[in-house]
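Heads up, the sequence shown is in the UniProt record's numbering, so the first residue is 1 and it goes up one at a time. Structure first, commentary second.
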Amino acid sequence: MKLMESQEGSGNVPRWENMDKDILSNIFKKLDVVDVVMGTSRVCITWFLASHNKTIWSTIKLNDLDSIVLDDPYWPQMQDNDDKEKHRYHLRKILIEINKFSRTVPTNFFFNVYCNNILEEDLAIISNGMPNIRKLALPIWKRLDLNSIELAFSKLKNLQTLTISPYPWRDDALSPELRAIGDSCRNLTTIKFHCLLDKILANIIICNFPSVQRISFRCSYVCIEATMSLIIGHPNLKIFNLSHCIFMEKPHQYNDAYYILGMRPEEEIVQIGTQKLDRILVCSSSDHCTIFQDVWKYIQNRMDPPLKASLRSGGTVET
């Protein structure tokens, strides 16, 4: 304690604002991006300059929903509220500030899957200010203007990996948007979905994403017929990730009902996939896969007792 007091008195103890900017940048990299642009960068001129370090901005993750105002009446707790301990900011304002600090540095941009208020103007900010993005995770909760989508993705010429989460969960929920993205972004090699794989979506992928080599529907519902269509019909597909998926079939063409078959794929899918693709990833056994067990337990817990009995006896279940 005496030593500390002596140092403070002699002025030898470094102050935060005098800390080396590289050290500050390494600290800022561990913070949420919103905390950097709306917080630390505004403390003093040294922290402001350190916040511009390129190493902070190669990967941008908007994961912390506690910092973002969500336009959802069903989640009133996510609305802007100055009385809250942590202030929330509108997405547009956050993106504008990120653009100022990151410039053209970012190569990876990931939205939280529940970020439900991404609009055309937000995509324009990203595509205009960050044209070097190679990996993008984009949830789409609302219908977007197709011309705006085409324009935005046409500027992301380096985009190679796209993770997309369409809502609401309908067969045709994202058909126009996906066609627009496919027409504008021909360099994609990897695309990951968090949605139902049905025949409509399979046809869109085959027709609009012919250069894609890796497709993932990990932890999603997948239709047997659509799965076979992708494996057989896609010209360049090499790796197909169906791990932890729930397989379904649609026995009647004009009926919207699907039937759950389980989490183990039909043998024909595995055989054809093994023959045609470099690699097909599926859950072959639940014995050593905790995700398999957790997902299947969740599905069964949502079923009525007669439906559980049907599954145990090898039957099918209508969703």
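Even glycine gets a Cβ: it sits at the ideal position worked out from N, Cα and C.
Quick one, which of the options has its alpha-carbon nearest residue i's?
{"i": "L210", "options": "V37, H90 and P235", "result": "A quick correction: the sequence has Pro, not Leu, at residue 210. The shortest C-alpha separation from P210 is found at P235."}
{"i": "T55", "options": "N26, L95 and F110", "result": "N26"}
{"i": "I125", "options": "S102, D278 and C115", "result": "S102"}
{"i": "I164", "options": "S175, R15 and K157", "result": "S175"}
{"i": "V33", "options": "L178, D64 and Q275", "result": "D64"}
{"i": "N108", "options": "L62, I96, D20 and C115", "result": "L62"}
{"i": "residue 344", "options": "K142, E97 and A137", "result": "Examination of residue 344 is not possible in this model, given that the chain is present from 1 through 319 alone."}
Rounded to whole angstroms, what is the Cα-Cα separation between residue i and residue j?
{"i": "E268", "j": "L146", "result": "38 Å"}
{"i": "T290", "j": "V282", "result": "14 Å"}
{"i": "R214", "j": "T190", "result": "5 Å"}
{"i": "N99", "j": "I239", "result": "34 Å"}
{"i": "A180", "j": "I149", "result": "7 Å"}
{"i": "M228", "j": "Q271", "result": "11 Å"}
{"i": "I260", "j": "P139", "result": "26 Å"}
{"i": "L151", "j": "T104", "result": "18 Å"}
{"i": "Y221", "j": "R42", "result": "45 Å"}
{"i": "W91", "j": "N128", "result": "For clarity, residue 91 is Leu in the given sequence; the question names Trp instead. One C-alpha to the other measures close to 16 Å."}
{"i": "F217", "j": "F48", "result": "41 Å"}
{"i": "R15", "j": "T46", "result": "11 Å"}
{"i": "K29", "j": "L178", "result": "33 Å"}
{"i": "D278", "j": "R134", "result": "23 Å"}
{"i": "N18", "j": "G39", "result": "18 Å"}
My output table needs one value for residue i: the three-state DSSP class, helix, strand or coil.
{"i": "T319", "result": "Confidence at T319 is low in this model, with a pLDDT of 38, below 50, so the placement of that residue is unreliable and no value is reported for it."}
{"i": "residue 321", "result": "What is shown of the chain runs 1 to 319, which leaves residue 321 out entirely."}
{"i": "M1", "result": "Confidence in M1 is poor, its pLDDT being 36 and thus under 50, which makes the residue's placement unreliable; the coordinate value appears in the next sentence. In this structure, M1 counts as coil in the three-state DSSP scheme."}
{"i": "M78", "result": "Per-residue confidence for M78 stands at a pLDDT of 47, beneath the threshold of 50, marking its modelled position as unreliable; the derived number appears in the next sentence. Helix, per DSSP."}
{"i": "T190", "result": "strand"}
{"i": "L281", "result": "strand"}
Mind checking which residues open and close the alpha helix (DSSP H) that includes residue i?
{"i": "L146", "result": "L146 to K155"}
{"i": "R92", "result": "L91 to S102"}
{"i": "G129", "result": "E120 to G129"}
{"i": "V36", "result": "V33 to M38"}
{"i": "N208", "result": "K199 to N208"}
Inspect the beta-carbon positions of residue i and residue j and report whether they are closer than 7 Å.
{"i": "I280", "j": "M263", "result": "no"}
{"i": "P106", "j": "I60", "result": "yes"}
{"i": "L201", "j": "C185", "result": "no"}
{"i": "I197", "j": "C219", "result": "It is Leu, not Ile, that sits at residue 197 in the sequence shown. Their beta carbons are not under 7 Å apart, which means L197 does not touch C219 by this criterion."}
{"i": "L95", "j": "D66", "result": "no"}
{"i": "G273", "j": "I231", "result": "yes"}
{"i": "G233", "j": "I206", "result": "yes"}
Grab the span of the beta strand (DSSP E) containing residue i for me, first residue to last.
{"i": "T274", "result": "Element bounds for T274: not the beta strand (DSSP E) but the alpha helix (DSSP H), E267 to K276."}
{"i": "I239", "result": "I239 to N241"}
{"i": "M248", "result": "I246 to E249"}
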